[in-house]
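Residues in the sequence shown are numbered from 1 upward in steps of one, following full-length UniProt numbering. Inspection log for the structure reproduced underneath, given as structure tokens.
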Amino acid sequence: MKDEDWNLLDRQALGVIRLTLPRNVAFNIAKEKTTVGLMKALSNMYEKPSASNKVHLMRRLFNLWMTEGASVAQHLNELNSVTTQLSSVEIEFDDEVRALILLSSLSDSWNATVTTVSSSSGSNKLKFDDVRDLVLSEEIRRRESGESSTSSVLHMESKGRNSTKKNDRGDQTIVGRVVQLQSQWVMKILMWHQRLGHMSEKGIKIMHSNGKLLGLQSVEIDMCEECILGKQKRVSFQTTGRTPKKERLELIHSDVWGPATTSSIGGKYYFVTFIDDHSRKVFVYFIKHKYEVFEFFKRWKAMVENETGLEIKKFRTDNGGEYEDNTFKKNFYDHGIRLERTVPDTPQHNGVAERMNRTLIEKARSIRIQSGLPK
Numbered sequence: 001m002k003d004e005d006w007n008l009l010d011r012q013a014l015g016v017i018r019l020t021l022p023r024n025v026a027f028n029i030a031k032e033k034t035t036v037g038l039m040k041a042l043s044n045m046y047e048k049p050s051a052s053n054k055v056h057l058m059r060r061l062f063n064l065w066m067t068e069g070a071s072v073a074q075h076l077n078e079l080n081s082v083t084t085q086l087s088s089v090e091i092e093f094d095d096e097v098r099a100l101i102l103l104s105s106l107s108d109s110w111n112a113t114v115t116t117v118s119s120s121s122g123s124n125k126l127k128f129d130d131v132r133d134l135v136l137s138e139e140i141r142r143r144e145s146g147e148s149s150t151s152s153v154l155h156m157e158s159k160g161r162n163s164t165k166k167n168d169r170g171d172q173t174i175v176g177r178v179v180q181l182q183s184q185w186v187m188k189i190l191m192w193h194q195r196l197g198h199m200s201e202k203g204i205k206i207m208h209s210n211g212k213l214l215g216l217q218s219v220e221i222d223m224c225e226e227c228i229l230g231k232q233k234r235v236s237f238q239t240t241g242r243t244p245k246k247e248r249l250e251l252i253h254s255d256v257w258g259p260a261t262t263s264s265i266g267g268k269y270y271f272v273t274f275i276d277d278h279s280r281k282v283f284v285y286f287i288k289h290k291y292e293v294f295e296f297f298k299r300w301k302a303m304v305e306n307e308t309g310l311e312i313k314k315f316r317t318d319n320g321g322e323y324e325d326n327t328f329k330k331n332f333y334d335h336g337i338r339l340e341r342t343v344p345d346t347p348q349h350n351g352v353a354e355r356m357n358r359t360l361i362e363k364a365r366s367i368r369i370q371s372g373l374p375k
């Protein structure tokens, strides 16, 4: 990596870290010019195992209290943040103590849950992961049922636990049964996420708000490993504002992607996209060879012009040879279509088509990773 590229990434990382810091903290590290220097300064301020740091962190832990109506996930993040910082200054808590700290820091509306969990453990030690999963699943149940301060399901689960003892049906606990309910709910969200080509949480929420996803009460997607692996990207190019065209077919973006290292089942190695700038509607055609682009363009042109009653005015693409063919140029000339070419080796100038290529490839890659197919 070149020095200027490294310096750019370092400045971007430095800026992101500064934006996450409170003003009183950012003021103390204002002179730091590199990410390494900034992290060292923060480490010296907060991670030294000094008595003052230990007192400060213990006060934060003792004063940590979940407010009514707050998110359990957010409260868990705050608790984990404090305990992790305490661990960095050589103060460790065993698993049961962490579980007890979590239960004792919940708001009053969770008293029934705390009582149920405490009584269900018997002489066994509580495990932090089990308590955490139970609290998260109970929050999901409350959200789905519209409750805010009751724990009727937990009481019913407690009765069920007693009855299972009487019927000798095993030693299944409340934690295991509620976690099972949570798993079923999470699997339903994950199923829609995968069916929609690993769509973003924002997109799924929009579809859910429009009533398109039946059977879902709310939408919260946990970390998807396939999305992380399939949607990695470089640092974005600097962008400027733009206004979409006012009329359909006024400007068309197009690009050819390929060749793929492995052909499709139909023997295709490429795909070509045609995107309307006004509506952003995209048409995708799979092809075996680049010289087929013109034939697919003629079919697509006839279809969209017949459907809309409008004519294509501008056609923007890169300097790919498939668009420089004489038949392509003659067709544009005969129909009065203006051809706009971008600068060679500058894909960001054809950003709409290039971004659509990336979207399609990311969807396909994520689905392939999730299905376990080889590259």
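Heads up, the beta-carbon is just placed ideally off N, CA and C, and yes, glycines get one too. In this text, all values refer to a predicted model and were calculated from it rather than measured experimentally.
Please classify residue i: does DSSP put it in a helix, a strand, or coil?
i, result
"S254", "strand"
"V282", "strand"
"F62", "helix"
"T317", "strand"
"L42", "helix"
"E225", "helix"
"L339", "strand"
"V219", "coil"
"H198", "coil"
"I265", "coil"
"V97", "helix"
"I367", "helix"
"L103", "helix"
"A30", "coil"
"T308", "helix"
"I91", "coil"
"K298", "helix"
By how many angstroms is the C-alpha of residue j removed from the C-alpha of residue i?
i, j, result
"G230", "K281", "23 Å"
"H208", "R195", "14 Å"
"R299", "M223", "42 Å"
"T173", "T113", "With a pLDDT of 48 at T173, under the threshold of 50, the predicted position of this residue should be treated as unreliable, though the coordinate-derived value follows. Cα-Cα distance, rounded: 14 Å."
"L251", "D277", "6 Å"
"G170", "T116", "With a pLDDT of only 41 at G170, under the threshold of 50, the placement of this residue in the model should not be trusted, and no figure is reported."
"G15", "N24", "16 Å"
"F274", "F283", "5 Å"
"N167", "S109", "Bear in mind that a pLDDT of 45 at N167, under 50, signals an unreliable position, so the number given afterwards is only what the model happens to contain. Rounded to the nearest angstrom, the two C-alpha atoms are 32 Å apart."
"A30", "P22", "12 Å"
"F93", "K2", "45 Å"
"residue 387", "Q74", "In the structure as shown, the chain starts at 1 and stops at 375, and residue 387 therefore has no counterpart that could be examined."
"L213", "K202", "14 Å"
"V97", "S50", "23 Å"
"I206", "T34", "40 Å"
"S200", "K330", "42 Å"
"T262", "G372", "16 Å"
"N7", "N306", "53 Å"
Is the CB-CB distance between residue i and residue j below 9 Å?
i, j, result
"E226", "Q370", "yes"
"R142", "K233", "no"
"V272", "Y291", "no"
"N28", "A41", "yes"
"F328", "V304", "no"
"E139", "S81", "no"
"L38", "R18", "yes"
"K363", "H198", "yes"
"I228", "I189", "no"
"E68", "S107", "yes"
"N44", "V89", "no"
Identify, in the order they occur along the chain, each residue of the same chain with its Cβ nearer than 7 Å to the Cβ of residue i, setting aside the five sequence neighbours on each side.
i, result
"M58", "none"
"D95", "K127 and F128"
"K159", "Because K159 sits at a pLDDT of 47, beneath the cut-off of 50, its placement in the model cannot be relied upon, and the point is left open."
"R248", "D276, H278, S279, T308 and L310"
"M356", "T273, I275 and V282"
"V178", "Caution is warranted here: a pLDDT of 47 is assigned to V178, below 50, making its placement in the model unreliable, and the coordinate value is therefore given only provisionally. These residues qualify, in order along the chain: L134, S137, E138 and E157."
"K165", "Residue placement at K165 is flagged as unreliable, the pLDDT there being 46, under the threshold of 50; the coordinate-derived value follows with that caveat. Within the same chain, K165 has no close Cβ partners at all."
Residues in the same chain with beta-carbon distance under 6 Å from residue i, minus the five sequence neighbours each way, listed in chain order, please.
i, result
"G258", "Y269 and Y270"
"I337", "I312 and F315"
"L360", "none"
"H193", "I221"
"L61", "V82"
"Q85", "L57"
"E32", "L38 and A41"
"P244", "D277 and H278"
Might you give, ordered along the chain, the residues of its own chain that have their beta carbon closer than 8 Å to the beta carbon of residue i, omitting 5 neighbours on each side?
i, result
"T317", "H253, S254, D255, Y323, L339, E340, R341, T342, N350 and A353"
"G267", "K288"
"E78", "L64"
"L102", "L76, L79, F128, V131, R132 and V135"
"G321", "K290"
"L100", "L126"
"F332", "F315, R338 and L339"
"E4", "none"
Since residue i sits in a beta bridge, which residues does DSSP pair it with?
i, result
"V272", "V256 and Y285"
Does any CB atom of chain B fall closer than 9 Å to the CB of residue i?
i, result
"V82", "Of the protein chains in the structure, only one exists, and it is not chain B."
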